[in-house]
Amino acid sequence: MPLLLYEDPVLLQKELHRHAALLASESYQFAAGAVAVPLNMSEFALAARFYPIVFADTEGMLPLAVTGLRDLSNLFVDREGRWSEGVYVPAYVRRYPFLPVTMSGSDALMLAIDRPRLVEGGGAVPDDPNRLFEDGNASALAARALAFCERYHRDHLQTSVFAAALRERDLLDTRRAEVRLPDQSQFRVDGFRMIDRAKLRALPDDTLGDWFRNGWLDLAALAEASQANWQALLDRQATQLSAAADAPQARRRSTRKRTDA
Numbered sequence: 029m030p031l032l033l034y035e036d037p038v039l040l041q042k043e044l045h046r047h048a049a050l051l052a053s054e055s056y057q058f059a060a061g062a063v064a065v066p067l068n069m070s071e072f073a074l075a076a077r078f079y080p081i082v083f084a085d086t087e088g089m090l091p092l093a094v095t096g097l098r099d100l101s102n103l104f105v106d107r108e109g110r111w112s113e114g115v116y117v118p119a120y121v122r123r124y125p126f127l128p129v130t131m132s133g134s135d136a137l138m139l140a141i142d143r144p145r146l147v148e149g150g151g152a153v154p155d156d157p158n159r160l161f162e163d164g165n166a167s168a169l170a171a172r173a174l175a176f177c178e179r180y181h182r183d184h185l186q187t188s189v190f191a192a193a194l195r196e197r198d199l200l201d202t203r204r205a206e207v208r209l210p211d212q213s214q215f216r217v218d219g220f221r222m223i224d225r226a227k228l229r230a231l232p233d234d235t236l237g238d239w240f241r242n243g244w245l246d247l248a249a250l251a252e253a254s255q256a257n258w259q260a261l262l263d264r265q266a267t268q269l270s271a272a273a274d275a276p277q278a279r280r281r282s283t284r285k286r287t288d289a
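Just so we're aligned: the sequence shown equals residues 29 to 289 in the working numbering.
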């Protein structure tokens, strides 16, 4: 199954990539088409301020931060590839173009990179801060990337345990929403699940106690509170549609001014 955001992940190997470098970029254009991105449980508190937190309607039912309402339209990435200022950027996005991989028969994590951001064929020069290997070892850049990926992976495993507990207790209900924008256009948002609060409250006392000690009740409360952000997404969508509608008029006015001059 293709990985969200990644085109062609490549395992970094010092024999093959001793002279390779990272193609550095501060642009988030690679995520401009993502309407939802994976979210780990340690991110709920920050993410709940900006995004609706839902769960994927897939086998794993892992949590997601909703970033858009229409296909291939991330409302938090502008045309210049900038993420909205002051808004939390999920770790899944921040780790790009790197990702952790495991080899068969081993628990050790290795570092991979998306090929479009890999400069090969002697791309790195001595003292290049973007080189991936140095003197046959991982460079400082690669070491930092691997450490980030290792933290992400550990958090992902804990998040998977939380999601599995929700699945086993049948607490995730399929949801959909009918959306109407100010221009009267309508569309459906579906393919996600949410925690059923009534079922959660009906859990046995000993289970609720365990979940409280695990911090899972806090996560459920944060996910519930984050649903207020659907309105913020609608507002962002309406603002972008309005700006897109105004742009042709502004260009026509500019053309008329140049003609009059």
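In this text, a Cβ means the ideal position worked out from N, Cα and C, and glycines have one as well. Remember, it's a predicted structure, so these values are computed and weren't measured experimentally.
Check your understanding: The alpha helix (DSSP H) with GLN241 in it runs from where to where?
Key -> The residue you asked about is not Gln; residue 241 is Arg in the sequence shown. 233 to 242 is the extent of the alpha helix (DSSP H) around ARG241.
Point to revise | Extent of the continuous alpha helix (DSSP H) to which GLU206 belongs | key: Note, GLU206: premise wrong, no alpha helix (DSSP H); beta strand (DSSP E) at 200 to 208.
**Study point:** PHE72 beta carbon less than 8 Å from that of ALA251
**Key:** Closer than 8 Å, so yes.
Check your understanding: When burial is assigned at 16 or more other CB atoms within 10 Å of the CB, is LEU50 buried or exposed?
Key -> buried
Review point. Ends of the beta strand (DSSP E) at THR130?
Key: Run containing THR130: 126 to 130, per the beta strand (DSSP E) assignment.
Exercise for review: Indicate whether PRO91 and LEU74 have their beta-carbon atoms separated by less than 8 Å.
Suggested key: no
Exercise for review: Give every residue of the same chain whose Cβ lies closer than 8 Å to the Cβ of ASP156, excluding the five residues on either side of it in the sequence, and list them in chain order.
Suggested key: ALA49
Check your understanding: Going along the chain, which residues of its own chain have a beta-carbon closer than 7 Å to the beta-carbon of THR202, five neighbours each way excluded?
Key -> Excluding residues within five positions, the ones whose Cβ falls inside 7 Å are ASP85, ARG221.
**Study point:** Beta-carbon proximity list for GLY164, same chain, < 8 Å, skipping 5 on both sides
**Key:** LYS42, ARG46
Check your understanding: Do the CB positions of ASP246 and SER70 come within less than 8 Å of each other?
Key -> Going by beta carbons, ASP246 and SER70 fall outside the 8 Å limit.
Practice item. Evaluate the contact criterion for the segment 221 to 234 versus the segment 104 to 117: three or more CB pairs, one atom per stretch, below 8 Å. Key: no
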